[in-house]
Structures are given as C-alpha cells and as structure tokens.
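Trainee: Provided herewith is a single structure, encoded as structure tokens, for subsequent inquiry.
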Amino acid sequence: MSELNLILLGPPGSGKGTQGERLQADLELPYYATGNILRAAVREQTELGKQAKEYMDRGDLVPDEVIIGVIAERLGTHEAEDGFILDGFPRTVGQAEALAERMRALGRRITAALLIDVSDEEVIRRLGGRRTCPNGHVFHIEFDPPEKEGVCDVCGEQLIVRDDDKPEVIRHRLEQYREKTEPLVGYYDERGLLERVDGTGSPDDVYESIRALLATLRMEEEA
Ligand code: AMP
Numbered sequence: 036m037s038e039l040n041l042i043l044l045g046p047p048g049s050g051k052g053t054q055g056e057r058l059q060a061d062l063e064l065p066y067y068a069t070g071n072i073l074r075a076a077v078r079e080q081t082e083l084g085k086q087a088k089e090y091m092d093r094g095d096l097v098p099d100e101v102i103i104g105v106i107a108e109r110l111g112t113h114e115a116e117d118g119f120i121l122d123g124f125p126r127t128v129g130q131a132e133a134l135a136e137r138m139r140a141l142g143r144r145i146t147a148a149l150l151i152d153v154s155d156e157e158v159i160r161r162l163g164g165r166r167t168c169p170n171g172h173v174f175h176i177e178f179d180p181p182e183k184e185g186v187c188d189v190c191g192e193q194l195i196v197r198d199d200d201k202p203e204v205i206r207h208r209l210e211q212y213r214e215k216t217e218p219l220v221g222y223y224d225e226r227g228l229l230e231r232v233d234g235t236g237s238p239d240d241v242y243e244s245i246r247a248l249l250a251t252l253r254m255e256e257e258a
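For the sequence shown, our numbering gives the first residue as 36, with consecutive numbering after it.
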C-alpha cells in the first residue's frame with residue numbers, strides 16, 4: 036500500500052491508545068494522539084496548553100480552532116509522508132471537514148477510519164482502573180498491570196490517575212463522545228471509509244482484528 040493514513044475512532048477507553056502504540060511500532064508510522072499532545076502542552080505550560088487546560092479538566096472538548104492547526108501542521112511534515120495514525124482526532128464533524136480539506140491540499144486521502152466498538156459499561160470499567168505515566172504510556176490495574184505497582188514499565192515514571200479519568204468526568208466525556216464524535220461514524224461510513232472492530236476482547240485479540248482488517252485493505256488496493 037503506498038500510504039497508510041489511518042484514523043482511530045471510538046469512545047474514551049475503547050483502547051485507541053493501546054492499539055495506536057502497537058500500530059506505531061509495527062507499521063513504523065508517526066502516531067498523533069491529540070490527547071497526549073494536549074497533556075504535554077499543559078505540562079509544559081505552552082500557549083496551547085493554557086488554552087486547552089480548563090476544557091480538558093472538565094472533560095469538554097477543546098474548541099476546533101485550537102486543535103485543528105496542531106494536526107494540520109504535523110500532516111505536512113516529512114515524517115508523515117508515508118502515512119500516519121491519528122488517535123483522538125477528528126472528534127467533531129468540523130474537525131473531520133478540516134482534515135479532509137488538509138488532505139486534499141496535500142493531494143492525499145484517508146485510507147480508513149477504524150471504529151473500535153465498546154459499550155458504555157465497559158468504558159467506565161476500563162477508565163476507572165486506568166493509570167498513565169506523564170509520557171502517555173497506559174496501564175490498567177486489572178487488565179494490564181505494570182511490573183512494579185505505580186511505575187511505568189517503559190520509562191520508569193510514576194503512574195497516576197488522569198484527572199479526567201475520575202468517575203464524574205468519565206460520564207461527561209462519554210456524553211461529549213455521543214453528542215459530538217459519534218456522528219463521525221456516519222460521516223466516514225457515507226464516504227466508504229469506516230471499518231468496525233470489536234473492541235471488547237483482550238488487547239491482543241483487538242490487535243489481531245485490526246491487523247486482519249489492514250491486510251484486507253491492502254489486498255483490496257492491490258486487486
Ligand atoms: P484523550 O486522551 O484522547 O481522551 O483526550 C483527553 C482530552 O483532550 C479530551 O477530553 C479533550 O478535552 C481533549 N482533546 C483531545 N483531542 C481532542 C480533539 N480532537 N478535539 C477536542 N478536544 C480534544
């Protein structure tokens with residue numbers, strides 16, 4: 036396949052981050068997770084971070100105009116030439132339209148939007164036990180515990196509960212997803228780009244489904 040320009044779609048806690056990290060290592064493509072980019076900006080107190088912080092703490096989406104430029108800029112870089120993996124972007128129809136416009140300007144197109152499907156109950160269970168390090172590596176106290184409790188296996192940093200993984204904020208993030216992001220399922224379906232993956236299995240099972248799906252997409256392209 037000449038280019039692999041992938042979008043990971045799905046509610047918070049569906050496993051986009053876990054699968055995105057695996058895809059990144061496997062496909063050797065840049066992985067742009069807007070949540071991670073924004074959290075780093077908040078930590079470093081950049082202008083972007085200052086604009087985003089209040090929204091993130093409440094579990095609201097940051098305004099489209101704050102986030103669109105961040106991604107548009109990265110898609111035009113040398114490292115993204117052979118493709119990219121987007122996680123957490125687009126999250127609104129406005130962002131999807133801006134992305135389509137950017138791709139047109141670059142003479143490229145989205146390969147597929149992979150929807151990782153899980154129920155609300157599963158999301159709440161997963162996010163409640165999630166622990167992350169400041170560099171965005173993700174663990175789960177029940178399903179994917181780190182080797183040493185409270186410490187990141189990858190970089191040795193302290194693991195924490197994200198403010199927005201607290202129960203009342205989780206509920207609000209899910210509402211935001213249903214209201215603003217779920218319409219993208221129809222948006223990409225209408226354009227023939229939507230691919231559904233059952234996200235309820237183990238991370239290995241879900242990754243297997245994604246790999247099978249990508250293999251099918253490759254065969255279709257070559258046919
Ligand atoms: P995530 O790690 O993807 O769950 O993102 C954490 C938070 O960052 C979200 O709850 C939003 O406040 C913000 N955020 C991340 N990506 C976007 C986006 N594409 N549009 C608006 N807000 C975003």
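C-beta atoms are modelled at their ideal positions from N, C-alpha and C, and glycine is treated no differently.
Treat the numbers as computed from the prediction; the structure is a model and nothing was measured.
Excluding five sequence neighbours on each side, which residues of the same chain lie with their C-beta closer than 7 Å to the C-beta of ARG143?
Mentor: Here residue 143 refers to the residue found at position 108 of the sequence shown. Excluding positions up to five away in sequence, the list reads GLU38, ASN40.
Trainee: With a threshold of 8 Å, are at least 3 pairs of Cβ atoms found where one atom belongs to the region 192–205 and the other to the region 165–172?
Mentor: Short answer: they touch.
Trainee: With DSSP run on the structure shown, which of helix, strand or coil describes ARG197?
Mentor: Start at 1 with the first residue of the sequence shown, and residue 197 comes out as number 162. If DSSP states are grouped into helix, strand and coil, ARG197 belongs with coil.
Trainee: Taking the continuous alpha helix (DSSP H) assigned at LEU134, which residues delimit it?
Mentor: Here residue 134 corresponds to residue number 99 of the sequence shown, with the count starting at 1. Element bounds for LEU134: 128–141.
Trainee: Out of ASP117, GLY104, VAL153, GLU255, point me to the one whose CA is closest to GLY129's CA.
Mentor: As a working mapping, residue 129 is identified with position 94 in the sequence shown. If we check each option's Cα against that of GLY129, GLY104 comes out closest.
Trainee: Restricting to Cα atoms, I'd like to know which of GLY118, SER154, LEU162, ARG160 is closest to LEU141.
Mentor: Numbered from its first residue, the sequence shown carries residue 141 at position 106. With distances taken between Cα atoms, LEU141 lies closest to GLY118.
Trainee: Counting C-beta neighbours from all protein chains within 10 Å, is the total for LYS183 16 or more, i.e. buried, or is it exposed?
Mentor: For the purposes of this step, residue 183 is identified with residue 148 of the sequence shown, where counting begins at 1. Burial call: exposed.
Trainee: Given VAL158, which residues of its chain have a CB within under 8 Å of its CB, disregarding the five upstream and five downstream residues?
Mentor: Within the sequence shown, numbered from 1, the residue matching residue 158 stands at position 123. Contacts found: PRO46, PRO47, GLY48, SER49, ILE205, LEU209.
Trainee: Tell me whether VAL173 counts as near ligand 1, meaning its Cβ is closer than 7 Å to at least one heavy atom of that ligand.
Mentor: As a working mapping, residue 173 is identified with position 138 in the sequence shown. No, since every heavy atom of ligand 1 falls outside the 7 Å radius drawn around the Cβ of VAL173.
Trainee: Buried or exposed, going by whether 16 or more other CB atoms sit within 10 Å of the CB of GLU56?
Mentor: On the sequence shown, position 21 is the one that residue 56 refers to. Sixteen is the threshold: when 16 or more other Cβ atoms of the shown chains lie within 10 Å of the Cβ of GLU56, as they do, the residue is buried.
Trainee: What would DSSP say about HIS175, mapped onto helix, strand or coil?
Mentor: Taking the first residue of the sequence shown as 1, we reach residue 175 at position 140. For HIS175, the three-state secondary structure derived from DSSP is strand.
Trainee: What are the boundary residues of the beta strand (DSSP E) that ARG166 is part of?
Mentor: For the purposes of this step, residue 166 is identified with residue 131 of the sequence shown, where counting begins at 1. Residues 165–167.
Trainee: Going along the chain, which residues of its own chain have a beta-carbon closer than 6 Å to the beta-carbon of ASP200, five neighbours each way excluded?
Mentor: Working through the sequence shown from its first residue, we reach residue 200 at position 165. LEU162, ARG165.
Trainee: According to the neighbour-count rule (16 or more other Cβ atoms, all chains shown, within 10 Å of its Cβ), is LYS51 buried or exposed?
Mentor: For this step, residue 51 is matched to residue 16 along the sequence shown. With 16 or more other Cβ atoms within 10 Å, it is buried.
Trainee: Give a yes or no on whether the C-beta atoms belonging to THR69 and PHE124 are separated by under 8 Å.
Mentor: The sequence position of residue 69 within the sequence shown is 34, counting from 1. The sequence position of residue 124 within the sequence shown is 89, counting from 1. With contacts defined by Cβ atoms closer than 8 Å, THR69 and PHE124 form a contacting pair.
Trainee: Would you say GLY123 touches ligand 1, meaning its beta carbon is less than 7 Å from a heavy atom?
Mentor: To locate residue 123, count along the sequence shown from 1; it is residue 88. At least one heavy atom of ligand 1 is nearer than 7 Å to the Cβ of GLY123, so yes.
Trainee: Between ALA87 and the rest of its own chain, which residues show a CB-CB distance below 7 Å, the 5 nearest in sequence each way excluded?
Mentor: Counted from its first residue, the sequence shown places residue 87 at position 52. Hits under 7 Å: LEU73, ALA76, VAL77, VAL97, VAL101.
Trainee: Counting C-beta neighbours from all protein chains within 10 Å, is the total for MET91 16 or more, i.e. buried, or is it exposed?
Mentor: For the purposes of this step, residue 91 is identified with residue 56 of the sequence shown, where counting begins at 1. It counts as buried.
Trainee: If you measure from the beta carbon of GLY221 to each beta carbon in chain C, is any gap under 8 Å?
Mentor: Of the protein chains in the structure, only one exists, and it is not chain C.
Trainee: Residue ranges of each beta strand (DSSP E) run of no fewer than 3 residues wholly in the region 204–247, ordered along the chain?
Mentor: 229–233
Trainee: With distance defined between alpha-carbon atoms, name the residue in ILE106, LEU149, ALA60 nearest to ILE245.
Mentor: Translated into the one-based positions of the sequence shown, residue 245 becomes position 210. Nearest option by C-alpha distance: LEU149.
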